[in-house]
Structure formats: C-alpha cells, structure tokens
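If you count by my numbering, then the sequence shown holds residues -6 to 200, one letter each, in order. Ideal Cβ placement from N, Cα and C applies to all residues, glycine included. Computed from a predicted model, the values in this text were never measured in an experiment. Worksheet: one structure, shown below.
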Amino acid sequence: AVAMNPTDGLMRGMEVLDTGKPLSVPVGKETLGRIFNVLGEPVDNMGPVKNEETLPIHRTPPAFVDLDTRLSIFETGIKVVDLLAPYRRGGKIGLFGGAGVGKTVLIMELINNIAKAHGGVSVFAGVGERTREGNDLYAEMKESGVIVEKNLADSKVALVYGQMNEPPGARMRVALTALTMAEYFRDVNKQDVLFFIDNIFRFVQAG
C-alpha cells in the first residue's frame, strides 16, 4: 500500500477497504481557478467542485504511432524567448534560476499569453513545495488576473499541490493528477495546454 495522506495513527492489523476502482480526479473547466490535492479534493476552502466528470490518473499512454512528430514553434509572445531561445510546441522546457530572478513572473506571462493568443489554459503541479511557496504563488496569480476569484470560469489555470509535508506517495503522484486534468483540456476540449511541474527534482526525489 502507498500512503496518500499522513499515516499518523495507522497501525498493523487495521481494516483496509478496497474500493475496486482506480484513483480518479475531477476534470473540465470547473477545475480552473481551484487548488486540489493528489486525490483531486479541493483544498482552497471554496467548497466542492461542481462537476460530475472524473478520470483515473493511471491510464494507458498513447500509442507511438499516435504521437505528433511535426516540429513547430510555440509562440510565447515574449520577444526575448521567441527570438533567442524559442520553445518547441509540445516539447519540454526547463526553467532554471536562483531565488528572485523572475521564474514566477515568466510563468505568469506564459499562462496569460497562451490564454489570450491561443485560447488555451494551464495546469500547475506543485510537487514538494513549501506551504509558503504555494500560498505566495496562489496570491500572485490572483493579483495578476490569472485566477479570477469573483468568477472562477474566467480563470486560466488549475493548481494541484502535493506539498513538502505530505507523504512521498502523494508527492510522486500529484504530477499525474495534474497531468490528467491537462490531458482532458487537450483531448476533449481541444485546447492548447501549458503543463508546469515545480519542481522536477522533488518529483524524482519522492519516487
């Protein structure tokens, strides 16, 4: 068994209930502007998510022949990026830098630009973050208009956190929870999606 919640109070010999189904999380536009844990439960004190559609986080990957091999540039709208270090559409990008150099600002710009220029959305997976870092990011997103608290439907990002105080099993799977939400926007809503993991070192460390 892999613990998804703190194991305080658990002991050998306790009864275990098999649900007979995989771990499934909510998907769709109702997830925008909300914060979830690895189980897909909202943790932002804003009530339950008003949707009925869920997807399992463990699914069969797409067949190799279904992968798109075309090379195209993802236009970020940030001139210095598009000119000097362009990002590949559908590719993987690492943002490396010390504290206070502007990584979060760049993330906000990317989220805003993909929403305005491409009609897309973003999903952010906070893997092993400090609680303070998660709170700061949420506050900055509200301040910049990426999350619209008065009308969540206008928000451009969904947040999934598996923070530093949570068991390794939760931190290892929180990225899968976020990925499931992102894949729904891509496959069902046919939208461009930016998927962020912060940070990949703590993700590897958890596994």
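As a beta-bridge residue in DSSP terms, Ser115 pairs with Val150 and Leu187. The Cβ-Cβ distance between Val114 and Gln184 falls below 8 Å. Within the model, the alpha-carbon separation for Phe117 versus Leu77 is close to 25 Å. For Val197, the uninterrupted alpha helix (DSSP H) run begins and ends at Ile193 to Ala199, by DSSP.
Counting other Cβ atoms within 10 Å of its Cβ, Phe194 stays below 16 and is therefore classed as exposed. Pairing Val153 with Phe29 gives a Cβ-Cβ distance under 8 Å. Your pair Gly112 and Gly119 does not check out as a contact, with CB atoms roughly 25 Å apart and the cut at 8 Å.
Per DSSP, Ser65 lies in no alpha helix (DSSP H) segment and is marked neither H nor E. Residues Val18, Leu48 and Ile50 of the same chain have their beta carbon placed closer than 6 Å to that of Thr173, with the five preceding and five following residues left out of the count. Looking only at Leu187, Met101, Ala146 and Arg164, the smallest Cα-Cα distance to Met134 is reached by Met101.
Pairing Met7 with Ala163 gives a Cβ-Cβ distance that is not under 8 Å. Burial check for Gly87: the Cβ neighbour count within 10 Å stays below 16, so the residue is exposed.
In this structure Ala56 is exposed. Its beta-carbon is surrounded by fewer than 16 other beta-carbon atoms within 10 angstroms.
Counted as a single uninterrupted DSSP element, the stretch harbouring Leu88 is not any alpha helix (DSSP H), since DSSP gives it neither H nor E.
Rounded to whole angstroms, the separation of the alpha carbons of Met39 and Arg123 is 21 Å. If you ignore the 5 residues before and after Ile66, its C-beta comes within less than 8 Å of the C-beta of Asp75, Pro79, Tyr80, Arg81 and Arg82, all in its own chain and listed in chain order. Excluding residues up to 5 positions away in sequence, Leu88 and Gly90 lie with their Cβ nearer than 6 Å to the Cβ of Lys96 in the same chain. Around the beta carbon of Asn144, a 10 Å sphere encloses fewer than 16 other beta carbons of the protein chains shown; the residue is thus reported as exposed. Cα atoms of Ala146 and Asp129: separation of roughly 22 Å, rounded to the nearest angstrom. Ranked by how close their Cα comes to the Cα of Ala199, the residues Gly13, Glu68, Glu34 and Val167 have Val167 in first place.
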